[in-house]
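Numbering of the sequence shown is given in our numbering, commencing with residue 10 and proceeding in unit increments.
Ideal Cβ positions, reconstructed from N, Cα and C, are used throughout, including at glycine.
Before any comments, here is the structure.
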Amino acid sequence: MLQEGDNISGEKAINIPVSKHALVTIIVCTALSLFFMRTGVLTFIYLVPLGYAVIASGSFLYTFLAAALANIVILIISNNLSSGNPSNMWMDILYLTVLFLMYTWVVGGKNIRTAYRIIVASATGAAFFLFTVYRMDSVFFLIFTEAANELFPGIVSMEMMETVRSIIFRGGALVSMLFLFFVNRQLAISVVWLIKKQRIGRGLTGFFAPFSAIWVFSGALATIIMAGIFRIEILEILAWNVFIICAIIYLAQGAGILMYLLAQRSSAFRLCSIILLIVLLFSPLTIIIIAALLLLGIMENWRPFRRT
10 MLQEGDNISG EKAINIPVSK HALVTIIVCT ALSLFFMRTG VLTFIYLVPL
60 GYAVIASGSF LYTFLAAALA NIVILIISNN LSSGNPSNMW MDILYLTVLF
110 LMYTWVVGGK NIRTAYRIIV ASATGAAFFL FTVYRMDSVF FLIFTEAANE
160 LFPGIVSMEM METVRSIIFR GGALVSMLFL FFVNRQLAIS VVWLIKKQRI
210 GRGLTGFFAP FSAIWVFSGA LATIIMAGIF RIEILEILAW NVFIICAIIY
260 LAQGAGILMY LLAQRSSAFR LCSIILLIVL LFSPLTIIII AALLLLGIME
310 NWRPFRRT
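Structure (C-alpha coordinates):
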(Lines of atoms letter the chains of each structure in order from A; the text may use other names.)
(Lines give C-alpha, C1' and ligand atoms only; values in the text may rest on other atoms or scores of the structure.)
Protein backbone atom coordinates (compact mmCIF):
# COMPACT_ATOMS: atom_id res chain seq x y z
CA MET A 10 0.00 0.00 0.00
CA LEU A 11 2.64 2.54 0.94
CA GLN A 12 5.16 3.59 -1.68
CA GLU A 13 8.81 4.44 -1.36
CA GLY A 14 9.93 7.16 -3.75
CA ASP A 15 12.38 9.89 -4.46
CA ASN A 16 12.12 13.27 -2.80
CA ILE A 17 9.96 15.60 -4.84
CA SER A 18 11.17 18.87 -3.39
CA GLY A 19 13.92 20.03 -1.10
CA GLU A 20 14.85 22.71 1.36
CA LYS A 21 15.99 25.01 -1.44
CA ALA A 22 12.32 25.48 -2.31
CA ILE A 23 11.97 27.28 1.03
CA ASN A 24 15.06 29.45 0.64
CA ILE A 25 14.56 30.46 -3.01
CA PRO A 26 11.36 32.37 -3.91
CA VAL A 27 9.12 30.49 -6.32
CA SER A 28 8.54 31.86 -9.82
CA LYS A 29 5.40 33.68 -10.92
CA HIS A 30 4.34 30.62 -12.88
CA ALA A 31 4.72 28.46 -9.77
CA LEU A 32 2.71 30.94 -7.69
CA VAL A 33 -0.10 30.89 -10.27
CA THR A 34 -0.06 27.08 -10.15
CA ILE A 35 -0.26 27.13 -6.35
CA ILE A 36 -3.16 29.61 -6.36
CA VAL A 37 -5.14 27.71 -9.00
CA CYS A 38 -4.54 24.35 -7.29
CA THR A 39 -5.50 25.80 -3.89
CA ALA A 40 -8.77 27.07 -5.36
CA LEU A 41 -9.45 23.64 -6.91
CA SER A 42 -8.68 21.89 -3.63
CA LEU A 43 -11.08 24.04 -1.62
CA PHE A 44 -13.72 23.61 -4.34
CA PHE A 45 -13.29 19.82 -4.29
CA MET A 46 -13.56 19.85 -0.49
CA ARG A 47 -17.02 21.37 -0.68
CA THR A 48 -18.24 19.24 -3.61
CA GLY A 49 -19.70 15.93 -2.48
CA VAL A 50 -18.39 13.55 -5.14
CA LEU A 51 -14.88 15.10 -5.21
CA THR A 52 -14.41 15.51 -1.45
CA PHE A 53 -12.23 12.43 -1.10
CA ILE A 54 -9.65 13.71 -3.62
CA TYR A 55 -9.54 17.33 -2.44
CA LEU A 56 -5.83 17.01 -1.61
CA VAL A 57 -4.80 15.96 -5.13
CA PRO A 58 -4.51 19.54 -6.50
CA LEU A 59 -2.26 20.47 -3.56
CA GLY A 60 -0.04 17.48 -4.29
CA TYR A 61 0.25 18.58 -7.92
CA ALA A 62 1.09 22.13 -6.78
CA VAL A 63 3.87 20.86 -4.50
CA ILE A 64 5.44 18.82 -7.29
CA ALA A 65 5.02 21.47 -9.99
CA SER A 66 6.24 24.39 -7.86
CA GLY A 67 8.90 22.49 -5.92
CA SER A 68 7.73 23.98 -2.62
CA PHE A 69 5.49 22.35 -0.05
CA LEU A 70 5.83 25.37 2.28
CA TYR A 71 4.24 27.91 -0.08
CA THR A 72 1.56 25.42 -1.08
CA PHE A 73 0.71 24.72 2.57
CA LEU A 74 0.58 28.44 3.45
CA ALA A 75 -1.70 29.22 0.50
CA ALA A 76 -4.10 26.36 1.30
CA ALA A 77 -4.16 27.05 5.05
CA LEU A 78 -4.72 30.81 4.74
CA ALA A 79 -7.40 30.47 2.06
CA ASN A 80 -9.23 27.86 4.12
CA ILE A 81 -9.11 30.04 7.25
CA VAL A 82 -10.61 32.99 5.38
CA ILE A 83 -13.38 30.87 3.84
CA LEU A 84 -14.30 29.21 7.16
CA ILE A 85 -14.42 32.53 9.03
CA ILE A 86 -16.62 34.11 6.34
CA SER A 87 -18.90 31.05 6.20
CA ASN A 88 -19.22 30.92 9.97
CA ASN A 89 -20.12 34.64 10.18
CA LEU A 90 -22.72 34.32 7.42
CA SER A 91 -24.35 31.27 9.02
CA SER A 92 -23.94 32.45 12.65
CA GLY A 93 -22.27 29.14 13.49
CA ASN A 94 -20.50 28.05 16.66
CA PRO A 95 -17.06 29.76 16.80
CA SER A 96 -15.55 26.86 18.78
CA ASN A 97 -16.51 24.38 16.03
CA MET A 98 -15.08 26.77 13.43
CA TRP A 99 -11.69 26.95 15.17
CA MET A 100 -11.62 23.18 15.62
CA ASP A 101 -12.21 22.79 11.86
CA ILE A 102 -9.48 25.33 11.13
CA LEU A 103 -7.00 23.53 13.39
CA TYR A 104 -7.83 20.10 11.97
CA LEU A 105 -7.68 21.12 8.29
CA THR A 106 -4.52 23.18 8.80
CA VAL A 107 -2.82 20.10 10.26
CA LEU A 108 -4.04 17.96 7.32
CA PHE A 109 -2.74 20.49 4.77
CA LEU A 110 0.63 20.64 6.52
CA MET A 111 0.97 16.86 6.82
CA TYR A 112 -0.08 16.14 3.25
CA THR A 113 2.15 18.76 1.61
CA TRP A 114 5.04 17.46 3.75
CA VAL A 115 4.28 13.89 2.63
CA VAL A 116 4.47 14.94 -1.02
CA GLY A 117 7.36 17.39 -0.82
CA GLY A 118 9.34 16.60 2.31
CA LYS A 119 12.86 15.22 2.41
CA ASN A 120 15.37 13.37 4.63
CA ILE A 121 12.70 10.86 5.74
CA ARG A 122 11.59 7.98 3.53
CA THR A 123 8.23 8.53 1.84
CA ALA A 124 6.56 5.57 3.52
CA TYR A 125 7.51 6.81 6.98
CA ARG A 126 6.38 10.35 6.15
CA ILE A 127 2.97 8.91 5.27
CA ILE A 128 2.86 6.99 8.56
CA VAL A 129 3.92 9.97 10.68
CA ALA A 130 1.51 12.29 8.85
CA SER A 131 -1.35 9.80 9.17
CA ALA A 132 -0.74 9.28 12.89
CA THR A 133 -0.69 13.07 13.43
CA GLY A 134 -3.84 13.59 11.38
CA ALA A 135 -5.61 10.75 13.20
CA ALA A 136 -4.63 12.19 16.59
CA PHE A 137 -6.13 15.58 15.73
CA PHE A 138 -9.23 13.91 14.30
CA LEU A 139 -9.74 11.88 17.48
CA PHE A 140 -9.28 15.04 19.53
CA THR A 141 -12.24 16.58 17.69
CA VAL A 142 -14.56 13.55 18.01
CA TYR A 143 -13.72 12.07 21.42
CA ARG A 144 -17.16 13.02 22.77
CA MET A 145 -20.31 11.20 21.64
CA ASP A 146 -22.01 14.61 21.28
CA SER A 147 -19.34 15.94 18.91
CA VAL A 148 -20.30 17.32 15.50
CA PHE A 149 -18.86 14.24 13.78
CA PHE A 150 -21.01 11.79 15.72
CA LEU A 151 -24.11 13.98 15.38
CA ILE A 152 -23.69 14.08 11.58
CA PHE A 153 -22.85 10.37 11.47
CA THR A 154 -25.91 9.47 13.56
CA GLU A 155 -28.18 11.59 11.39
CA ALA A 156 -26.86 10.03 8.19
CA ALA A 157 -27.07 6.50 9.62
CA ASN A 158 -30.66 7.06 10.73
CA GLU A 159 -31.59 8.18 7.23
CA LEU A 160 -29.99 5.12 5.66
CA PHE A 161 -31.05 2.59 8.31
CA PRO A 162 -34.10 4.01 10.12
CA GLY A 163 -34.86 2.38 13.44
CA ILE A 164 -31.61 0.36 13.52
CA VAL A 165 -29.08 2.87 14.87
CA SER A 166 -28.64 2.62 18.65
CA MET A 167 -26.26 3.88 21.31
CA GLU A 168 -24.59 0.44 21.36
CA MET A 169 -23.95 0.71 17.62
CA MET A 170 -22.50 4.20 18.03
CA GLU A 171 -20.23 2.96 20.82
CA THR A 172 -19.02 0.22 18.47
CA VAL A 173 -18.27 2.80 15.77
CA ARG A 174 -16.44 4.95 18.30
CA SER A 175 -14.42 1.94 19.47
CA ILE A 176 -13.36 1.09 15.90
CA ILE A 177 -12.40 4.70 15.16
CA PHE A 178 -10.18 4.91 18.23
CA ARG A 179 -8.67 1.45 17.72
CA GLY A 180 -7.08 2.16 14.37
CA GLY A 181 -10.06 3.19 12.24
CA ALA A 182 -9.04 6.86 12.16
CA LEU A 183 -5.41 5.93 11.44
CA VAL A 184 -6.31 3.63 8.54
CA SER A 185 -8.61 6.30 7.09
CA MET A 186 -5.80 8.88 7.19
CA LEU A 187 -3.31 6.46 5.64
CA PHE A 188 -5.76 5.72 2.86
CA LEU A 189 -6.52 9.43 2.34
CA PHE A 190 -2.86 10.50 2.13
CA PHE A 191 -1.72 7.54 0.07
CA VAL A 192 -4.48 7.68 -2.55
CA ASN A 193 -4.28 11.47 -2.93
CA ARG A 194 -0.48 11.32 -3.27
CA GLN A 195 -0.67 8.58 -5.89
CA LEU A 196 -3.32 10.44 -7.87
CA ALA A 197 -1.25 13.64 -7.74
CA ILE A 198 1.77 11.74 -9.06
CA SER A 199 -0.39 10.26 -11.83
CA VAL A 200 -1.63 13.73 -12.83
CA VAL A 201 1.98 14.98 -12.95
CA TRP A 202 2.88 12.06 -15.21
CA LEU A 203 -0.09 12.73 -17.51
CA ILE A 204 0.59 16.48 -17.79
CA LYS A 205 4.37 16.70 -17.52
CA LYS A 206 5.35 13.14 -18.49
CA GLN A 207 7.44 13.04 -15.31
CA ARG A 208 7.77 9.81 -13.35
CA ILE A 209 8.40 10.01 -9.60
CA GLY A 210 9.57 7.24 -7.29
CA ARG A 211 10.69 3.65 -7.69
CA GLY A 212 7.48 2.02 -6.55
CA LEU A 213 6.77 -0.52 -3.85
CA THR A 214 9.49 -2.85 -5.09
CA GLY A 215 12.02 -0.59 -3.35
CA PHE A 216 10.31 -0.58 0.05
CA PHE A 217 11.88 -2.58 2.88
CA ALA A 218 10.58 -2.62 6.45
CA PRO A 219 13.18 -2.25 9.23
CA PHE A 220 13.95 -5.59 10.87
CA SER A 221 13.24 -4.18 14.34
CA ALA A 222 9.61 -3.56 13.34
CA ILE A 223 8.83 -7.23 14.00
CA TRP A 224 9.51 -6.75 17.72
CA VAL A 225 7.27 -3.69 17.86
CA PHE A 226 4.60 -5.65 15.96
CA SER A 227 4.83 -8.60 18.37
CA GLY A 228 4.91 -6.35 21.44
CA ALA A 229 1.82 -4.44 20.29
CA LEU A 230 -0.08 -7.69 19.74
CA ALA A 231 0.86 -8.96 23.19
CA THR A 232 -0.13 -5.61 24.73
CA ILE A 233 -3.54 -5.73 23.03
CA ILE A 234 -4.19 -9.14 24.57
CA MET A 235 -3.00 -8.19 28.05
CA ALA A 236 -4.78 -4.81 28.04
CA GLY A 237 -7.99 -6.58 27.02
CA ILE A 238 -7.65 -9.09 29.85
CA PHE A 239 -7.01 -6.41 32.48
CA ARG A 240 -9.43 -3.92 30.85
CA ILE A 241 -6.91 -1.07 30.45
CA GLU A 242 -8.69 0.79 27.64
CA ILE A 243 -6.18 3.58 26.97
CA LEU A 244 -3.31 1.08 26.72
CA GLU A 245 -5.38 -1.12 24.43
CA ILE A 246 -6.20 1.83 22.14
CA LEU A 247 -2.52 2.84 21.89
CA ALA A 248 -1.46 -0.76 21.25
CA TRP A 249 -4.06 -1.20 18.51
CA ASN A 250 -2.79 1.87 16.66
CA VAL A 251 0.85 0.75 16.93
CA PHE A 252 -0.16 -2.73 15.77
CA ILE A 253 -1.96 -1.33 12.72
CA ILE A 254 1.01 0.87 11.78
CA CYS A 255 3.30 -2.18 11.84
CA ALA A 256 0.76 -4.28 9.96
CA ILE A 257 0.57 -1.67 7.19
CA ILE A 258 4.37 -1.54 6.97
CA TYR A 259 4.48 -5.31 6.46
CA LEU A 260 1.52 -5.17 4.09
CA ALA A 261 3.49 -2.65 2.01
CA GLN A 262 6.53 -4.94 2.09
CA GLY A 263 4.38 -7.90 1.03
CA ALA A 264 2.94 -5.89 -1.87
CA GLY A 265 6.50 -4.86 -2.83
CA ILE A 266 7.58 -8.51 -2.92
CA LEU A 267 4.59 -9.41 -5.10
CA MET A 268 5.35 -6.57 -7.52
CA TYR A 269 9.03 -7.59 -7.63
CA LEU A 270 8.14 -11.18 -8.46
CA LEU A 271 5.64 -10.09 -11.11
CA ALA A 272 8.30 -7.84 -12.68
CA GLN A 273 10.30 -11.00 -13.47
CA ARG A 274 7.43 -12.31 -15.60
CA SER A 275 6.14 -11.40 -19.05
CA SER A 276 3.87 -8.40 -19.62
CA ALA A 277 0.90 -10.64 -20.42
CA PHE A 278 1.40 -12.61 -17.20
CA ARG A 279 1.67 -9.38 -15.16
CA LEU A 280 -1.50 -7.97 -16.73
CA CYS A 281 -3.50 -11.16 -16.05
CA SER A 282 -2.16 -11.34 -12.48
CA ILE A 283 -3.07 -7.71 -11.74
CA ILE A 284 -6.59 -8.15 -13.13
CA LEU A 285 -7.03 -11.32 -11.06
CA LEU A 286 -5.76 -9.57 -7.94
CA ILE A 287 -8.15 -6.65 -8.43
CA VAL A 288 -11.07 -9.05 -8.89
CA LEU A 289 -10.12 -10.94 -5.72
CA LEU A 290 -9.76 -7.71 -3.72
CA PHE A 291 -13.39 -6.88 -4.55
CA SER A 292 -14.60 -10.36 -3.63
CA PRO A 293 -15.29 -12.11 -0.30
CA LEU A 294 -11.62 -13.22 -0.39
CA THR A 295 -10.35 -9.70 0.34
CA ILE A 296 -9.37 -10.50 3.92
CA ILE A 297 -7.48 -13.62 2.80
CA ILE A 298 -5.53 -11.66 0.16
CA ILE A 299 -4.60 -8.94 2.66
CA ALA A 300 -3.57 -11.53 5.26
CA ALA A 301 -1.44 -13.36 2.67
CA LEU A 302 0.39 -10.14 1.70
CA LEU A 303 0.89 -9.30 5.39
CA LEU A 304 2.40 -12.73 6.10
CA LEU A 305 4.58 -12.48 2.99
CA GLY A 306 5.93 -9.15 4.23
CA ILE A 307 6.66 -10.59 7.68
CA MET A 308 8.39 -13.64 6.22
CA GLU A 309 10.96 -11.47 4.45
CA ASN A 310 12.52 -10.80 7.85
CA TRP A 311 14.01 -14.29 7.63
CA ARG A 312 13.65 -15.26 3.96
CA PRO A 313 14.74 -12.53 1.49
CA PHE A 314 12.60 -12.72 -1.65
CA ARG A 315 14.14 -9.75 -3.44
CA ARG A 316 17.75 -9.66 -4.64
CA THR A 317 18.79 -6.06 -5.05
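- Judged by their CB atoms, A256 and L305 are not nearer to each other than the 8 Å cut-off.
- Setting aside the 5 residues that flank it on each side, F73 is surrounded in the same chain by F109, L110, T113, each with a C-beta closer than 7 Å to its C-beta; the list follows chain order.
- Fewer than three pairs of CB atoms, one per stretch, sit closer than 8 Å, so the stretch 266 to 280 makes no contact with the stretch 227 to 236.
- For G117, the enclosing alpha helix (DSSP H) covers residues 95 to 117.
- When rounded, the separation of the alpha-carbon atoms in V116 and T123 is 8 Å.
- Spatial neighbours of I35 in its own chain (CB-CB distance under 7 Å, excluding positions within 5 residues in sequence) are listed in chain order as A62, S66, Y71, T72, A75.
- With distances taken between CA atoms, G60 lies nearest to F190 out of F190, L247, M268, A136.
- Around the beta carbon of G93, fewer than 16 other beta carbons sit within 10 angstroms, so the residue counts as exposed.
- Runs of alpha helix (DSSP H) with 4 or more residues, each lying fully within the stretch 230 to 299, are found at 242 to 272, 276 to 290, listed in chain order.
- By the Cβ rule, the stretch 242 to 257 counts as touching the stretch 176 to 192, because three or more pairs are nearer than 8 Å.
- Secondary structure at K206: coil, using DSSP grouped into helix, strand and coil.
- Between M268 and L213, the gap from beta carbon to beta carbon is short of 8 Å.
- Taking a C-beta distance under 8 Å as the contact criterion, I54 and F45 qualify as a contact pair.
- C-alpha of L51 to C-alpha of A197: approximately 14 Å in a straight line.
- By the beta-carbon neighbour count (other beta carbons within 10 angstroms, threshold 16), V201 is buried.
- Annotation: I287 to R126 spans about 27 Å, alpha carbon to alpha carbon.
- A straight-line Cα-Cα distance of about 27 Å links A40 and L139.
- For R174, the closest C-alpha among the options S292, P162, I246 is that of I246.
- Contact between G265 and F216 holds, with the beta-carbon distance rounding to 5 Å and staying under 8 Å.
- The beta carbon of A218 sits closer than 7 Å to the beta carbons of I258, Y259, Q262, G306 from its chain, once the five residues preceding and following it are set aside; these are given in chain order.
- In this structure, the CA atom of I284 is about 43 Å from the CA atom of S28.
- Contact check for V184 and F137: beta-carbon distance about 16 Å, past the 8 Å limit, so the pair fails to qualify.
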